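Just below is one structure, and these are the notes that go with it.
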Ligand code: CTP
Ligand code: MG
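Structure below.
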């Protein structure tokens, strides 16, 4: 079967507070984006990576990635969901393709995790996720607790998220047209009536978000290459 990865990489990284978007910060001499795309392209089932980058991005063109024939570049959008949608629209014959959507900011993804995810074959699709370890509170707008959730049924969604490309494209278009705030692909699928599977991932598949995450990602990447 044909698998294409769509990698949203058009964010500005405001929480990282660096001088450039976080996907272009370097760890062991390579940008986070190169670690992420490298992990996907070295995984045999992935034939192609569609990268959504900001329209005025000056950084990508300086990387060898920009000239890799297995990589297709599309323009990102205002939100992550719109960046992903632009990537999905670039897929020809989406009814024949399965898509892995993976954040540029998650460089520590392992092939073992991808193997686990690809084992799910039904059209609900699947995502990597972690069972919550902390107790989960829901608050009101004044930051006072109104409820404690049943932790046994709480999962933290990661990426990759794995779907049939045509099904996801329709679901995402619908959800955005209806004005939902979509922060991952599974939520669009849920709104379309699907029940994506939760595949237990690893805690080292972090989304590099805040400055302190850089040291963590560096550590996890060093473990991975042993
Ligand atoms: N992303 C994107 N297009 C956007 C916003 C985000 O492609 N308009 C991408 C980011 O580049 C990142 C992934 O979506 O790889 C996850 O988003 P996040 O971690 O929130 O990254 P940023 O939006 O860049 O960071 P911040 O929210 O701190 O500004
Ligand atoms: Mg963001």
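Residue numbers (my numbering): 17 to 242. All residues carry an ideal CB built from backbone N, CA and C; glycine is no exception. All figures in this text were calculated on a predicted structure; none of them were measured in a lab.
Between the Cα of residue 75 and the Cα atoms of 102, 38, 52, 61, which residue gives the shortest distance?
-> Selection 102, 38, 52, 61 evaluated against residue 75 yields 38 as nearest (Cα-Cα).
Between the C-alpha atoms of residue 229 and residue 106, what's the straight-line distance to the nearest angstrom?
-> Roughly 32 Å separates the two Cα atoms.
In the DSSP assignment, find the beta strand (DSSP E) that holds residue 153 and state where it starts and stops.
-> In the DSSP assignment, residue 153 falls within the beta strand (DSSP E) that extends over 153-155.
Spatial neighbours of residue 190 within its chain, please: CB distance less than 8 Å, with the 5 preceding and 5 following residues excluded, ordered by chain position.
-> The beta carbon of residue 190 sits closer than 8 Å to the beta carbons of 204, 207, 208 from its chain, once the five residues preceding and following it are set aside; these are given in chain order.
Between the Cα of residue 113 and the Cα atoms of 90, 139, 182, which residue gives the shortest distance?
-> When only C-alpha atoms are compared, the closest one is 182.
Ligand 1: which residues have Cβ under 7 Å from any of its heavy atoms, chain order?
-> Residues with a Cβ closer than 7 Å to any heavy atom of ligand 1, in chain order: 24, 25, 26, 27, 28, 29, 30, 31, 32, 37, 38, 39, 68, 92, 93, 94, 95, 96, 98, 99, 119, 120, 121, 223, 225.
Segment contact, 8 Å Cβ cut-off, at least three pairs: the stretch 109-129 with the stretch 145-160 = As far as the Cβ criterion goes, the stretch 109-129 does not touch the stretch 145-160, which means the pair count is below three.
Might you give, ordered along the chain, the residues of its own chain that have their beta carbon closer than 8 Å to the beta carbon of residue 199, omitting 5 neighbours on each side?
-> Around residue 199: 96, 97.
Exposure label - residue 216; buried when at least 16 CB within 10 Å | It counts as exposed.
Beta strand (DSSP E) runs wholly inside the stretch 119-191, at least 3 long, in chain order | Taking only runs of at least 3 residues, the beta strand (DSSP E) segments lying wholly in the stretch 119-191 are 142-147, 153-155, 161-164, 171-180.
Below 8 Å on the Cβ atoms is my guess for residue 57 versus residue 23; work out the distance and round it to an integer in Å.
-> Between residue 23 and residue 57 the Cβ distance is about 10 Å, and since that is not below 8 Å, they are no contact.
Is it true that the CB of residue 154 sits closer than 8 Å to the CB of residue 162?
-> The Cβ atoms of residue 162 and residue 154 lie closer than 8 Å to each other.
Do you know offhand how far residue 82's Cα is from residue 71's?
-> When rounded, the distance between both Cα atoms is 14 Å.
Same chain, Cβ closer than 8 Å to residue 18, five either side skipped, listed in chain order | Scanning its chain for C-beta atoms nearer than 8 Å, with the 5 sequence neighbours on each side dropped, one finds around residue 18 the residues 63, 112, 113, 114, in chain order.
Pick helix, strand or coil for residue 74, following the three-state DSSP scheme.
-> Here residue 74 sits in coil by DSSP.
Continuous alpha helix (DSSP H) assignments of at least 4 residues falling wholly in the stretch 23-81 | Scanning the stretch 23-81 for uninterrupted alpha helix (DSSP H) segments of 4 residues or longer gives 48-57, listed from N- to C-terminal end.
Closest residue to residue 87 among 152, 234, 54 (Cα-Cα distance) = Residue 87 has its Cα closest to that of 54, out of 152, 234, 54.
Alpha carbon to alpha carbon, how far is residue 46 from residue 78? Give it in angstroms, no decimals.
-> Going from the Cα of residue 78 to the Cα of residue 46 covers about 12 Å.
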